[in-house]
Amino acid sequence: MSAPHALAAEAGAAILRSGGNAIEAGIAVASTLSVVYPHMNGLGGDGFWLISDGDAHTVRGLAAAGPSGRRYSATLFHDHGLREIPFRGGLSALTVPGAVGGWGAAFGFSRDCWRGRKSWYDLLESAYCHAANGFPLSPNQHHTFLRVGDALRQQPGFAAQYTPGGEILPIGRLWSQQALAQTLGTLAENGAEAFYHGPLARQMAKGLKAAGSLLTEADLRAFKPIWVEPLRTAFGVGEAINMPPPTQGVASLMILALLHRVGLHSADHLGAELIHNTVEITKLAFKYRDRLVADPDFGDVDIASLLNPDFLDACAREIHPLIVMPLPPIGLAKGDTVWFGVVDGQGRMVSVIQSLYHEFGTGVVAGNTGVLWNNRGCAFSLEPGHINVLEPGKRPFHTLNPALYAEQGRVQLAYGSMGGDGQPQTQAALLMRAKHYGLSLAESVASPRWLYGRTWGEASAGLRLERRYPRAVFEDLRRWGHQVSWVPDYSDFMGHAGMVARDLEGGFAGAADPRSDGGVAIP
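Below, the structure is given as structure tokens:
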């Protein structure tokens, strides 16, 4: 298995060693990541799962992402004199977290359909122990806190939880989270539903209200994760599988489908021509994504039509060698997230992604529960008539999209990445390197990457290259008209990716990103 923190990978491997299946191990990884990588994900965030028993035809999607509270609307923010939703603070804590509900739904599926034998308590034990007894603070968390901590200290509960004694903890310092441990203990004893019903839910709602949020106990009680049919597209000799809206999974699949048509002529996976084609394809895919992807319960858009072969053929004709299309409006590339994948001894596989959205989410800790709340709601628009305009009970647009790849009717790869707008681009890089260029999983993940997007303080999108690319690639892209700049050799800006595989002969492989604190664990 692959996870962006080694302790989480080991937690999942321990479940597999003791007879657990891929879903059970996935819950152990997911809950442990919520403790040991709190700047990226947590109990107060969302999650999406792709679950496979090995047969490509029976893959199921699980959307564990909560809607806005019933008291929230665009008008509310307009009445506060705001034209966009703030990224931090109580008012931005406007959506119900779905991650814990997703663990519960996945656990039920494992028990009922895969005859899972591990207890719920067993699966949360690693997370509880790391919260109660402490763990060494990771480099990534430390560096993230140095970058954003000052902006978050004033948020309710944040300083007490993340700077005990008023100090920024150094890398490697043993750090515990007693309030979070108590919450995990409550969940271990009472099940995932205890997050949404009863004393814990009441406690969180009270803490959120004190921080200025309008979420209520009733909003928490109303949440249910949703089983969905995944989207698919042909790539190479197989097919890529991803999540439907409200995720951007269709954009990830469009990029792969268009690469399959026009983008893979270069013999060099590090070549400027390949990057150019992929960036131009990304612009086109994002144009349709931003027009059409939203909560399907609040519209009637035929997203599958974007993967129709005739439509994709027409799109492919818009991509021209060495001609740079105008830069379209594009959102922020930012998005701090965790992806992990697990494959078990029977070839069953999960591809999972969890997130608070921006680093440390809203910055608001819900009362004395230790639960840091997501700020996914800031992905809503406040513009009347916008496809993602904020409405009561609506799910926001999600960058989160885990992926699978299948050949000859068998699921072979789970892969994914953090990184907002970078996720579809990194997924394309991973899959084409592994399946078209024949690189190992480790090489596919570690090789230099590019990213097209906009980040904080920028008016327009640009193209970044890690400095390990040849200088000639940079110069070619700039000469062709790309707004290109360098980032460090192994840049967090490129996201933290991973892959796990089981080949048709029954062998296993995995790779974690050297840009993260992750690891691969073999049971």
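Numbering-wise, the sequence shown is residues -18 to 504 according to this note's numbering.
Beta carbons are placed, not taken as given, at the ideal position from N, Cα and C, and that holds for glycine.
A quick note: this is a predicted structure, and the numbers were derived from the prediction, not measured.
What is the C-beta distance between residue i and residue j, in whole angstroms, given that I count them as a contact (C-beta under 8 Å)?
{"i": "L196", "j": "G50", "result": "4 Å"}
{"i": "A(-10)", "j": "G499", "result": "7 Å"}
{"i": "L234", "j": "H417", "result": "With a Cβ gap of about 16 Å, L234 and H417 do not count as contacting."}
{"i": "H477", "j": "S398", "result": "7 Å"}
{"i": "I66", "j": "G358", "result": "6 Å"}
{"i": "E220", "j": "T214", "result": "6 Å"}
{"i": "G23", "j": "V352", "result": "7 Å"}
{"i": "G390", "j": "D36", "result": "7 Å"}
{"i": "K187", "j": "G348", "result": "6 Å"}
{"i": "Q158", "j": "Q142", "result": "6 Å"}
{"i": "S497", "j": "P(-15)", "result": "4 Å"}
If you compare alpha carbons, which of the options is closest to residue i?
{"i": "D103", "options": "A169, S119, Q393 and V129", "result": "A169"}
{"i": "P405", "options": "G28, Y338, T259 and P277", "result": "T259"}
{"i": "A192", "options": "S157, A74, S100 and R329", "result": "A74"}
{"i": "K489", "options": "E254, T56, T39 and V324", "result": "First, the residue type needs correcting, since residue 489 is Phe and not Lys in the sequence shown. Per the Cα distances, V324."}
{"i": "G85", "options": "Q464, F204, T214 and I503", "result": "F204"}
{"i": "A453", "options": "A442, W467 and G443", "result": "W467"}
{"i": "P226", "options": "P277, Y18, D93 and L133", "result": "P277"}
{"i": "M224", "options": "D93, A160, V282 and I32", "result": "I32"}
{"i": "Y433", "options": "F455, V465, R448 and S421", "result": "V465"}
{"i": "R509", "options": "A384, G188, E174 and K190", "result": "No statement about residue 509 is possible, as the shown extent of the chain runs from -18 to 504 and does not include it."}
{"i": "N121", "options": "D494, A502 and K375", "result": "D494"}
{"i": "T125", "options": "R183, S472 and R357", "result": "S472"}
{"i": "A427", "options": "M475, L458, P451 and F455", "result": "M475"}
{"i": "V481", "options": "H257, A132, L385 and T228", "result": "L385"}
{"i": "G462", "options": "G0, I256 and C359", "result": "I256"}
{"i": "A6", "options": "G(-7), G0, L353 and S(-1)", "result": "G(-7)"}
{"i": "A199", "options": "E210, M185 and L212", "result": "M185"}
{"i": "I334", "options": "L(-12), D93, T318 and G348", "result": "T318"}
{"i": "D360", "options": "P19, H38 and R69", "result": "Reading off the sequence shown, one finds Ala at residue 360, where the question assumed Asp. Considering only alpha carbons, the answer is R69."}
{"i": "D249", "options": "R414, F321, P383 and A295", "result": "R414"}
{"i": "R52", "options": "E148, K190, Y18 and Q159", "result": "K190"}
{"i": "F321", "options": "L303, L394 and Q389", "result": "L394"}
{"i": "V231", "options": "W354, P383 and A295", "result": "P383"}
{"i": "R445", "options": "N356, A253 and V331", "result": "A253"}
{"i": "S91", "options": "R41, S421, R128 and R183", "result": "R41"}
{"i": "Y396", "options": "P302, S362 and G479", "result": "G479"}
{"i": "D470", "options": "V10, R(-2), R449 and A423", "result": "R449"}
Less than 6 Å between C-beta atoms, sequence neighbours within five positions excluded: which residues of the same chain meet that for residue i?
{"i": "S12", "result": "L105 and A108"}
{"i": "G71", "result": "A192, G193, S194 and V345"}
{"i": "Y269", "result": "L287"}
{"i": "L293", "result": "A238"}
{"i": "V501", "result": "S(-17), G491 and A493"}
{"i": "A297", "result": "L239, R242 and V243"}
{"i": "V16", "result": "A108, H111 and A112"}
{"i": "I503", "result": "none"}
{"i": "L161", "result": "A112 and G351"}
{"i": "T39", "result": "none"}
Taking 8 Å as the limit between beta carbons, can you name the residues of its chain near residue i, skipping five residues before and five after?
{"i": "W505", "result": "Here the chain covers residues -18 to 504 and nothing more, so residue 505 does not appear."}
{"i": "I236", "result": "T259, I262, T263, A266, P405, Q406, Q408 and A409"}
{"i": "H178", "result": "L201 and R202"}
{"i": "P145", "result": "W156"}
{"i": "G280", "result": "I368"}
If I measure Cβ to Cβ from residue i and keep anything under 7 Å in the same chain, skipping five residues before and after, which residues do I get?
{"i": "G438", "result": "Confidence at G438 is low in this model, with a pLDDT of 43, below 50, so the placement of that residue is unreliable and no value is reported for it."}
{"i": "G419", "result": "none"}
{"i": "M306", "result": "E261 and K264"}
{"i": "E299", "result": "L265"}
{"i": "L181", "result": "T164, T167, A175 and T350"}
{"i": "R430", "result": "T407, A410, E447 and M475"}
{"i": "E364", "result": "V370"}
{"i": "K506", "result": "Residue 506 lies beyond the range of the chain shown here (-18 to 504); nothing can be said about it."}
{"i": "S54", "result": "L371, E372 and P373"}
Length-filtered (3 minimum) beta strand (DSSP E) runs lying within the segment 284 to 341:
317 to 324 and 330 to 338
Which complete alpha helix (DSSP H) runs does the segment 102 to 184 hold, if anything under 4 residues is left out?
120 to 133, 139 to 143 and 159 to 171
Decide yes or no for the touch test of the segment 368 to 381 against the segment 17 to 30: beta carbon pairs closer than 8 Å, at least 3 of them.
yes
On the three-pair Cβ rule with 8 Å, is the segment 45 to 61 touching the segment 78 to 93?
yes
Measuring CB atoms only, is the segment 149 to 160 touching the segment 111 to 127, in the sense that at least three cross pairs come out at less than 8 Å?
yes
Inside the segment 239 to 283 only - alpha helix (DSSP H) runs reaching at least 4 residues
253 to 273
Say whether the segment 360 to 375 touches the segment 206 to 222, bearing in mind that this needs 3 or more beta-carbon pairs closer than 8 Å, one atom from each stretch.
no
Would you mind listing the alpha helix (DSSP H) stretches within the segment 416 to 490 that are 4+ residues and don't spill past its ends, in chain order?
422 to 427 and 452 to 460
Curious, which full-length beta strand (DSSP E) runs of at least 3 residues does the segment -14 to 53 contain?
27 to 33 and 41 to 45
Which residue spans inside the segment 179 to 223 form an unbroken alpha helix (DSSP H) run of at least 4?
180 to 192 and 198 to 202
Which full runs of the beta strand (DSSP E) of 3+ residues lie inside the segment 383 to 420, going along the chain?
384 to 388 and 391 to 398
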